[in-house]
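Asker: One structure coming up, written as structure tokens, with questions to follow.
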Amino acid sequence: KALSKEVGPRGVRVNTVSPGPVETALWLGDQGVAAAVAGGTGGSPDDVVAGAAARSVTGRFTRPEEVADLVLLLASDRAGNSTGSDHTIDGGLVTTL
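Per the working numbering, the sequence shown starts with residue 206, numbered consecutively.
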């Protein structure tokens, strides 16, 4: 928010995108988050993925193109009055504001 107030008068908008689990190698790869969590808990990566997906309202991970679409929207004139905002895209996984 502070940066948006600093550069806003010059016509620059500042927003952030905070994705939850996304269907990418970062989460699903052999060295990904699911494998690391599974290694620490003794479970399987598939169980970690299924558990994370089940905790979201939509029951699935976010697709990379959904994150890209949100970024494109925020960069477009259609979101011209959006600045100083964080946009969470996690299928309802995080339940706090």
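We treat Cβ as the ideally placed atom computed from N, Cα and C, and that holds for glycine. Quick caveat, the model's predicted, so the values are computed rather than measured.
Entirely within the region 211-244 and at least 3 residues each: give me those beta strand (DSSP E) ranges in chain order.
Answerer: You should have 220-224.
Asker: Could you give the residue range of the beta strand (DSSP E) that holds Asp203?
Answerer: Lying before the first or after the last residue shown, residue 203 is absent from the chain, which here runs from 206 to 302.
Asker: If I'm right that Lys210 touches Gly289 with Cβ under 8 Å, what's the distance once you round it to whole angstroms?
Answerer: Right, the Cβ-Cβ distance comes to about 7 Å (below 8 Å), so this counts as a contact.
Asker: Taking the CB atoms as reference points, tell me whether Val222 and Val276 lie closer together than 8 Å.
Answerer: Result yes, Cβ atoms of Val222 and Val276 sit closer than 8 Å.
Asker: Work out the CA separation of Gly244 and Leu298 for me, nearest whole Å.
Answerer: Approximately 22 Å, taken between the alpha carbons.
Asker: Should Ala257 go down as buried or exposed, given a rule of 16 or more other Cβ atoms within 10 Å for buried?
Answerer: Its Cβ being crowded by 16 or more others within 10 Å, Ala257 is buried.
Asker: Have a look at Lys206 and Leu233 and give me their C-alpha separation to the nearest angstrom.
Answerer: Roughly 32 Å between the two C-alpha positions.
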